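Here the structure comes first, spelled out in structure tokens, and everything after it is commentary.
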Amino acid sequence: MRKIKKGDQVRVITGKDIGKEGKVLSVNAEKDTVIVEGANMISKHEKPSAANQNGGIVRREAPIHVSNVMYLHKGKPTRIGFKVVDGKKVRFAKSTGEVID
782 MRKIKKGDQV
792 RVITGKDIGK
802 EGKVLSVNAE
812 KDTVIVEGAN
822 MISKHEKPSA
832 ANQNGGIVRR
842 EAPIHVSNVM
852 YLHKGKPTRI
862 GFKVVDGKKV
872 RFAKSTGEVI
882 D
């Protein structure tokens with residue numbers, strides 16, 4: 782079970798985009814990276830294809846290491862822990878102790 786999941790609201794805590802907040806678009810468990818909406822933007826040169834007829838330079842999000850983002854619980858950054866509730870493993874916010882999901 783991962784601490785950060787797709788759809789979570791996170792804040793970038795280090796790097797060039799420090800302080801930016803966004804939704805997690807995807808998680809790569811093998812490389813421990815996440816793609817955050819609107820953060821770590823890069824310019825990618827693309828050839829013309831069926832999806833993009835003209836090609837050209839496209840701005841898109843690049844992966845960020847999961848250690849460089851922090852989960853936002855009620856708008857405030859918090860660490861995440863795991864505990865068993867009713868025989869089911871769940872995530873909880875360490876700052877408040879509330880169960881996330």
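Under the numbering used here, think of the first position of the sequence shown as 782, with each following residue one higher.
Where a beta carbon is used, it is the ideal one built from N, C-alpha and C, also for glycine.
The structure displayed is predicted, hence computed values, not measured ones.
Burial state of residue i, where buried means 16 or more other Cβ atoms lie within 10 Å
i	result
asparagine 821	buried
glycine 836	exposed
aspartate 882	exposed
glycine 803	buried
Those residues which DSSP pairs with residue i across a bridge
i	result
proline 858	Leu853
asparagine 809	Thr814
glutamine 790	Lys804
alanine 874	Ile861
arginine 841	Ile823
lysine 869	Val866
valine 880	Phe873
Backbone CA spacing between residue i and residue j [nearest angstrom]
i	j	result
phenylalanine 863	alanine 843	28 Å
phenylalanine 873	valine 880	4 Å
valine 865	serine 830	48 Å
histidine 846	lysine 812	8 Å
arginine 792	threonine 877	18 Å
serine 848	glutamine 790	15 Å
histidine 826	valine 839	6 Å
lysine 857	threonine 795	16 Å
lysine 828	arginine 841	15 Å
tyrosine 852	alanine 810	16 Å
glutamine 834	lysine 875	48 Å
lysine 855	glycine 788	15 Å
Beta-carbon proximity of residue i to residue j, cut-off 8 Å
i	j	result
lysine 786	valine 805	yes
lysine 784	isoleucine 861	yes
valine 850	valine 815	yes
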